[in-house]
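The opening residue of the sequence shown carries number 132 in my numbering; numbering runs sequentially from there.
Contents: one structure, followed by commentary.
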Amino acid sequence: MTPDEKFKHYAMIYYQEHGDLYVKLDTVIDGYRLGRKISGYRVAKKGREGRALSKEMEQWLDEHGMVWDAAGRTGHVRAVVCMEEPGRIFPSMAEASGWAGIKSGNICCCIHGLQHSAGIHPVTGEVLHWMAADQWEAMSKKEQEERLNQLEDGVSYPNKFGAAFFAQLAAQGQIADFRREVAASDLFPVKINRSYDFGLSLTEPDRVDLLVEFHGGQHLAEDKRDFSGKFGRSKQEEIDNDRLKQKLAYRYGFSPRTYLVVNCRESRMEHMVEMIGKSPLAALFDLRGIDWKNANGRRWILM
């Protein structure tokens, strides 16, 4: 195998087991030092070494969840913003970490998407999220709002909105109950590792009568944005996965009347209200009593 082929072979082994390529330096697979190869590649991409991997390998890594963090590690990020308090900008990571009582490395990792900071707000006790200040300031107000809506617990804004919406339907007696992340193996006699966004019980709490998928832009063929770096899967992989889940549901008794998909291309309240109103949910339930502003709140408890 060529160096690129060998790298890709062992990287894929790691990726299939862990779901990402954020490996430690001492990671070795079958005698192959994958950790040091990935670390060396990060540096090579920054131009510190004479030989980087091929363009094909760069593309493959980008599609499988690699985030380049060399800029943060070499101090190129000079100012950071605390996402929970966007008006609070720190001139350096050192000052930000001192204020939050956490290690500077955690802030660096969080900025570049490697992990969520383990730090907490010194007063409120909330988990903090960080971004390079120049990146934050370069965003439009709409982009800033969408980014804030995706923070805190790793649950997407559409799924949070949907959970609050269905909770109101349950409180009003329009449904008996609902569940989030319903495993296919809990519904069907299969051992496949797939789940559905929501399962709604119309009359009996222990029974799932409707499956509802809230599809963000990464699931929609007409949305041309590239989400591969954010979600670790290409758009085609997401679409293929959606087809598999739908086919599975149809095989075991669901139909277009009981398997519903809501277009959630934009993480905004106005868009969510419009799309729910255009979906089959509007024909099934009375939406006049829904408090949409309450559904838009970012700090509810998810079941």
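In this text, a Cβ means the ideal position worked out from N, Cα and C, and glycines have one as well.
Keep in mind that this is a model prediction, so the values were computed, not measured.
In this chain, the alpha helix (DSSP H) harbouring residue 404 covers 400 to 409. Between residue 299 and residue 422 a beta carbon distance of about 7 angstroms is seen, short of the 8 angstroms cut, so the two are scored as contacting. The Cβ atoms of residue 293 and residue 345 lie closer than 8 angstroms to each other. Within the same chain, and ignoring the five residues on either side of residue 277 in sequence, the residues whose Cβ sits closer than 6 angstroms to its Cβ are 398. Distance from the Cα of residue 297 is smallest, within the candidate group 319, 274, 376 and 404, for 404.
Less than 8 angstroms divides the Cβ of residue 309 from the Cβ of residue 332. The Cβ atoms of residue 159 and residue 165 lie closer than 8 angstroms to each other. Within its own chain, the residues whose Cβ lies closer than 7 angstroms to the Cβ of residue 234, once the five positions on either side in sequence are excluded, are 228, listed in chain order. Relative to the Cα of residue 301, the nearest Cα in the group 141, 147, 416 and 343 belongs to 416. Apart from the 5 residues on each side of it in sequence, residue 144 sits with its Cβ closer than 7 angstroms to the Cβ of 160 in its chain, given in chain order.
Straight-line spacing of the CA atoms in residue 411 and residue 400 works out to 18 angstroms.
The DSSP assignment places complete alpha helix (DSSP H) segments of no fewer than 4 residues inside the region 284 to 313 at 288 to 302, in order along the chain. Annotation: the continuous beta strand (DSSP E) that includes residue 328 extends over 326 to 332. By alpha-carbon distance to residue 402, the top candidate from 189, 141, 322 and 273 is 273. Rounded to whole angstroms, the separation of the alpha carbons of residue 406 and residue 396 is 9 angstroms.
Around residue 139, the same chain offers 188 and 191 as residues with beta carbons nearer than 7 angstroms, after the five sequence neighbours per side are excluded. In the displayed model, residue 260 falls within coil according to three-state DSSP, outside both helix and strand. No Cβ-Cβ contact shorter than 8 angstroms links residue 270 with residue 212.
When rounded, the separation of the alpha-carbon atoms in residue 312 and residue 370 is 18 angstroms.
In summary, residue 376 is buried, with 16 or more beta-carbon neighbours lying within 10 Å of its beta-carbon over all protein chains present.
In this structure, the alpha-carbon of residue 259 lies about 24 angstroms from that of residue 154.
Within the same chain, and ignoring the five residues on either side of residue 340 in sequence, the residues whose Cβ sits closer than 7 angstroms to its Cβ are 331, 332, 333 and 389. Pairing residue 221 with residue 383, the inter-Cα distance amounts to about 54 angstroms. DSSP places residue 138 in the uninterrupted alpha helix (DSSP H) bounded by 134 to 149.
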